[in-house]
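If you want my numbering, it's the 1-based position in the sequence shown plus 45.
Below is one structure; the comments refer to it alone.
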Amino acid sequence: MREIPVPVTSSRFPLPPPSPPLARPEVEDLQAYSAPLEGRRGLLRLDFNENTVGPSPKVVEAIRAIPADHYAIYPEYDGLREAVATNLADRFGGRPGLAHPLTPEHVGLFNGVDAALHAVFHAYGASGDRLLTTSPTFGYYTPCAQMQGMAIEAIPYQGADFAFPLDQLRAALLGQPPRLLLICNPNNPTGTRLAPELILALAAAAPQTLVVVDELYEAFTGDSLMPLVDFARHPNLLVLRSLAKTAGLAGLRMGFAIGDPGVVDRVSRVSGPYDINSFAVTAALAALADQPYVDAYVQQVGQARDWLVQQLMAAGVKHHAAGGNYLLLWPQQGPAVVEARLREAGILVRSMDGKPLISGSLRVSIGTLEHMQRFWAAYAAIEHPTT
Ligand SMILES: Cc1ncc(COP(=O)(O)O)c(C=O)c1O
């Protein structure tokens, strides 16, 4: 038997301390997406576009009713895909419903849309493939692409109102079809909206590209593809939806990927069998069954947004409000100072400093009218102490 050589050490030449094994080169180079700061409870949270009042009381009731012995059982997902399809088809309260019915196989369940995005890149993005997207947009797309070793082409929004760069994007899409096209509609953080018909046309023009449409904020301005899309005709389209921002379940994590059953199957294959926990399943079923609660919250946000925009206009504050439950504004004292002073007043907002095109702005999430009145009183006192 051969002997394994033992390294010779001496107190004069000690071995360097062992270092942990390196990860894949893509991961070693990766800058992780910075998650929300800690210590946000008890403050008015207008920094991550969350629902500012919490979920329906029926959700709270359903979670409280879970017997303790159920905590010991692995989660069961039966009925949740059906409930998503039924909810999307529901025309209650003037909602548009679906032009083409969905089956449960059209719906993938994920631990938040973040996990759905991660799975999309994992399933479809290989090293050297290209992601086509826009800039600035939601920050998690970039690390997802980087961890796969993908190249990123991000086309800037255009002009003072951050219009969608349709011609440039179409040229980039058709010139050399990328593996993935990611469109955030409406876009976070610019609020830019793109007509769903135009997205269908882009998808039809590039059948080899998986076109992922992040519809996290569609409810606030009604920009969804769902009332139009026929996944049998557009199998390369995948729509992402979440219960975080409208239904108030950001902490429980529940996201959906809706598309052709073949694509949904591929994206689901790279997720663990129990990635979504039982509490989230119970909460999601209750939230989907109480759409009027969500619709009423969305309506309140719309009213609060209109009120805040009026105040900004009257006070001459530079701002940009388009889709979604958020807007951008440019404080005279700079975003870092105003962000810190608002925090002292118990209000969190998000500085967009350093982001292309919108550096110097703050992103402010819209909550209820009462919340926006609180925000405006504090903001006006910081920026215009004499008025
Ligand atoms: C555009 C966009 N997509 C996805 C997410 C993540 O959503 P979820 O909380 O469902 O993971 C966010 C959260 O801020 C977002 O703004």
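Yeah, the Cβ is synthetic: ideal placement off N, Cα and C, and Gly gets one too.
Residue range of the beta strand (DSSP E) that residue i falls in?
i, result
"Ile-197", "196-201"
"Gly-300", "300-304"
"Asn-259", "Checking the sequence, you will find Asp at residue 259 rather than Asn. From DSSP, the beta strand (DSSP E) with Asp-259 extends over 255-259."
"Ile-228", "225-229"
"Arg-286", "282-287"
"Leu-374", "371-374"
"Val-394", "No beta strand (DSSP E) contains Val-394, which DSSP labels as neither H nor E."
"Leu-176", "175-180"
"Ser-410", "407-410"
Report the partner residues of residue i according to the DSSP bridge assignment.
i, result
"Val-308", "In DSSP, Val-308 forms no bridge with anything."
"Phe-155", "Gly-300"
"Ala-208", "Gln-203"
"His-365", "Leu-373"
"Leu-294", "Answer is none; Leu-294 lacks a bridge partner."
"Leu-89", "Ile-392"
With distance defined between alpha-carbon atoms, name the residue in the options nearest to residue i.
i, options, result
"Leu-353", "Gly-138, Ala-425 and Gln-378", "Ala-425"
"Asp-114", "Ser-323, Val-257, Tyr-338 and Gly-157", "Ser-323"
"Ser-180", "Ala-422, Val-409, Ser-404 and Ser-410", "Ser-404"
"Met-397", "Phe-301, Asn-233, Ala-190 and Leu-154", "Asn-233"
"Asn-94", "Pro-141, Leu-330, Leu-177 and Thr-413", "Thr-413"
"Ile-303", "Leu-282, Gln-355 and Gly-399", "Leu-282"
"Glu-389", "Arg-85, Glu-73 and Arg-136", "Arg-85"
"Ala-359", "Gly-138, Gly-369, Gln-253 and His-429", "His-429"
"Ser-269", "Val-256, Glu-242, Gln-253 and Arg-314", "Glu-242"
"Leu-330", "Lys-103, Pro-62 and Val-98", "Lys-103"
"Asp-433", "Gly-139, Leu-387 and Pro-222", "The structure shown does not extend to residue 433, since the chain is modelled only from 46 through 432, so no value can be given for it."
"Ala-248", "Ala-107, Pro-376, Pro-66 and Leu-177", "Leu-177"
"Val-256", "Leu-219, Glu-71, Pro-272 and Pro-66", "Leu-219"
"Phe-183", "Gln-253, Gln-418, Arg-408 and Phe-420", "Arg-408"
"Pro-141", "Gln-345, Pro-272 and Val-284", "Pro-272"
"Ile-411", "Leu-297, Glu-71 and Thr-97", "Thr-97"
"Val-315", "Gly-399, Phe-166 and Val-383", "Phe-166"
"Gln-203", "Met-417, Ala-250 and Leu-402", "Leu-402"
"Phe-442", "Arg-386, Val-284 and Val-158", "One cannot answer for residue 442 here, as it falls past the ends of the chain, which runs 46 to 432."
"Asp-212", "Thr-187, Ile-244, Tyr-262 and Pro-59", "Ile-244"
"Pro-337", "Asn-132, Gly-87 and Pro-59", "Asn-132"
"Gln-418", "Leu-89, Ala-328, Arg-298 and Ser-101", "Leu-89"
"Leu-333", "Ala-128, Pro-61 and Leu-60", "Ala-128"
"Glu-263", "Leu-227, Arg-238 and Gln-253", "Arg-238"
Would you give the residue range spanned by the alpha helix (DSSP H) that residue i belongs to?
i, result
"Leu-147", "Careful: Leu-147 lies outside any alpha helix (DSSP H) and carries neither H nor E."
"Ala-325", "323-334"
"Ile-244", "241-250"
"Thr-237", "No alpha helix (DSSP H) contains Thr-237, which DSSP labels as neither H nor E."
"Arg-278", "Run containing Arg-278: none; DSSP gives neither H nor E here."
"Lys-400", "First-last for Lys-400: undefined, no H or E at that position."
"Thr-131", "125-134"
"Pro-102", "102-109"
"Pro-188", "186-192"
"Tyr-122", "Tyr-122 -> no alpha helix (DSSP H), and no H or E assigned at all."
"His-416", "414-428"
"Pro-70", "70-73"
Determine the direct distance from the alpha carbon of residue j to that of residue i, and round the result to whole angstroms.
i, j, result
"Leu-372", "Ile-427", "18 Å"
"Ala-366", "Leu-393", "18 Å"
"Ala-117", "Ile-111", "11 Å"
"Ile-200", "Ala-240", "18 Å"
"Pro-146", "Pro-380", "46 Å"
"Glu-143", "Glu-73", "The sequence given here places Leu at residue 143; Glu does not occur at that position. Cα to Cα, Leu-143 sits roughly 44 Å from Glu-73."
"Asp-320", "Ala-160", "9 Å"
"Asn-156", "Val-362", "38 Å"
"Ala-130", "Gly-267", "18 Å"
"Ala-246", "Arg-286", "21 Å"
"Arg-311", "Phe-265", "30 Å"
"Gly-173", "Arg-224", "10 Å"
"Val-258", "Gly-99", "26 Å"
"Gly-369", "Leu-162", "19 Å"
"Pro-65", "Asp-123", "42 Å"
"Pro-120", "Val-326", "8 Å"
"Gly-317", "Asn-230", "28 Å"
"Ser-313", "Arg-126", "13 Å"
"Tyr-169", "Ala-190", "10 Å"
"Ser-406", "Val-158", "26 Å"
"Gln-221", "Ala-171", "16 Å"
"Glu-106", "Pro-63", "52 Å"
"Val-382", "Leu-261", "29 Å"
"Pro-188", "Gly-236", "22 Å"
Does the distance between the C-beta of residue i and the nearest non-hydrogen atom of ligand 2 fall short of 8 Å?
i, result
"Arg-57", "As for ligand 2, it is missing from this structure, which binds only ligand 1."
(message) Any contact between the stretch 269-288 and the stretch 70-83? By contact I mean 3 or more CB pairs, one from each, below 8 Å.
(response) no
(request) Would you check if there are 3 or more beta carbon pairs closer than 8 Å linking the stretch 279-294 to the stretch 188-208? (result) no
(message) Under 8 Å, with one C-beta from each stretch per pair, do the stretch 333-351 and the stretch 205-213 reach the 3-pair mark?
(response) no
(message) With three or more beta-carbon pairs closer than 8 Å as the criterion, would you say the stretch 298-316 touches the stretch 149-160?
(response) yes
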